[in-house]
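A short write-up of the structure that comes next.
Residue numbers (this note's numbering): 26 to 263.
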């Protein structure tokens, strides 16, 4: 990955789900093990964490209600772990940021009805692209220029997204913005992986399944595209 000399490192995860609280999540492992390694080369960390605007509390509440079917399946620790990641980044000299939808954004989502979730995913793409572009523009005037790190769901960082999720991925936007100096890295907790179509269609799954007999105490990095990688963590030792 270092050979790409990325201006953007876009990290995606499968969010921890309820019932997995005893297993170290991707966020926790990234915070403790990987962030200290990349911090010297990074200027900013943009988290897929929304900050509600106090000027439109009614719309913010309506959007939070629309998110419930998705969020209620996730581990309650997820938001706190993202906050801890931001705190750790700041302590290491990397400026953390969150997404800041406007009241107009919230109003549009609140009125979206059944389309609220797809519109939220598209909004994440738009806000992430705009924010990352501003950090890149600022970095271009600095020497040495450092990279921007984005951290969120693996749906958004695809370098070559399928048609079904193309509207939700900022990968192609930031590849153009950086002249190709973009790396997609998915972080996978093996205990979260299930033998379901959602997982089986991922480009690293077949190779990972074929390696089932390999040692479980080591991480494995798969290259799944020109600038796309998947890191499978070791299994949690109990």
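For each residue, glycine too, the CB sits at the ideal point set by N, CA and C.
Values in this document were obtained by computation on a predicted structure and should not be read as measured data.
Bridge pairing for residue 176: 36 and 72 [DSSP]. When only Cα atoms are considered, residue 147 and residue 102 end up about 25 Å apart. In summary, residue 163 is exposed, with fewer than 16 beta-carbon neighbours lying within 10 Å of its beta-carbon over all protein chains present. By the CB criterion at 7 Å, residue 257 and residue 222 fall outside the cutoff.
Looking at the DSSP output, residue 230 sits in no beta bridge, so it has no partner there. According to the DSSP assignment, residue 143 belongs to the alpha helix (DSSP H) that extends over 141 to 165. Beta-carbon to beta-carbon, residue 181 and residue 73 are separated by about 7 Å, close enough to satisfy the 8 Å threshold. Put simply, of 161, 82 and 121 the residue whose alpha carbon is nearest the alpha carbon of residue 132 is 82. The alpha-carbon of residue 253 is positioned some 37 Å away from that of residue 84. Going by DSSP, residue 257 is part of the beta strand (DSSP E) stretching over 253 to 257. The residue from 204, 248, 233 and 145 with its alpha-carbon nearest to that of residue 192 is 145.
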